[in-house]
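Numbering (UniProt numbering), first residue to last: 1 to 399.
Ideal placement from N, C-alpha and C gives every residue a C-beta, glycine not left out.
Since the structure is predicted, the reported quantities are computational estimates derived from the model, not experimental observations.
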């Protein structure tokens, strides 16, 4: 704590001023953290004083802040680019010119006391291995911590995170469990989905029952831990590719939630052979058919696609052609392409017709894919092991 206060004073983080009349002072809070290296060894004990203040922007006058991702800063110089990602007082940077790296580090060390830890190997609990065939990211150490924390480090492994055909409900007659313990488990699992999209649907499913969990819900959550026990070293390998074409997959179940009969949206995007972003979320409305459920899901996917296209443009990876979105429902595709409101769609909220505008502007293109090739299926429902393993592999998840 003394080191933090000393650093704050040295960097002139704030200056004492009179409180404006009618305003309240912003409070502060101490946050303690144990920083570990890639091997899980303690590297540093850290105390951070946190306040809701506008932080001085890292001497980033030589860069510009990305309007689509506020933790991202970009510098373009001729044909070179420097990309900086900031999280509180930790940052990573990359680019295509070592000279820009040195220039950036020199500018930063003039303003702040910093430690250069070299090539990234461990960041916010994510382990990064720089391999000859690409960059492998995983959370093996974090997974082991979760298993130990919930006394599941000696459990018997299982081959899927959700039992095929499982149906959970809120009005469960089983015994209640401690909501705090259940929320803690779900929260830990939620962060693990950063590198493990294969558990995303399962985590989203148990997240629906955090307010009043029962032993049935807790058993479903513990099954995820049993699955992780057998796949503890799984992660994502991002290899070098000359293909920077953005491709998306969108899927939905229909009325899968037994409590309110709402459907689940699932989508993922690729640039190359490995997925780099994904989502699984219960839809906010009740749909009347599989066509509508797929249409609503496709709209969410398209919205994400537009954000990605804008972000990639900022990173100098513009998508010149329409982004292809693959859907396994021909009726939903026809509805998306048809600009005429007819009886089948007039009751659908107008916000979901945003997809038609994007198609007409040729920003996206909705295409049909067979159900067995629909990668996003893994984000919408429990699957048999054979289908689950096949789709998991399609996402690019390997040992």
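- Taking each of 18, 1, 269 in turn and checking the Cα distance to residue 32, the smallest one comes out for 1.
- A direct Cα-to-Cα measurement between residue 306 and residue 363 gives close to 7 Å.
- Rounded to the nearest whole angstrom, the CA to CA distance from residue 254 to residue 153 is 36 Å.
- The beta carbons of residue 215 and residue 174 sit closer together than 8 Å.
- For residue 385, the enclosing alpha helix (DSSP H) starts and ends at 385 to 394.
- 229 is the residue among 200, 125, 229 whose C-alpha sits nearest the C-alpha of residue 155.
- Of all alpha-carbon atoms in 166, 150, 247, 325, the one lying nearest the alpha-carbon of residue 226 is that of 150.
- The beta-carbon distance between residue 251 and residue 202, rounded to whole angstroms, is 16 Å. This is too long to meet the 8 Å contact definition.
- When rounded, the separation of the alpha-carbon atoms in residue 140 and residue 330 is 40 Å.
- In the three-state reduction of the DSSP assignment, residue 121 falls in the coil class, being assigned neither a helical nor a strand state.
- Between residue 126 and residue 195 the beta-carbon gap is near 6 Å, inside 8 Å, which marks them as a contact.
- Sixteen is the threshold: since fewer than 16 other Cβ atoms of the shown chains lie within 10 Å of the Cβ of residue 334, the residue is exposed.
- Boundaries of the alpha helix (DSSP H) harbouring residue 299: 290 to 314, taken from the DSSP string.
- Considering only 158, 212, 148, 184, the residue with the shortest C-alpha distance to residue 172 is 212.
- With respect to residue 327, residue 368 sits close: the two C-beta atoms are nearer than 8 Å.
- Closest in alpha carbon position to residue 167, among 220, 11, 268, is 220.
- The beta carbons of residue 204 and residue 239 sit no closer together than 8 Å.
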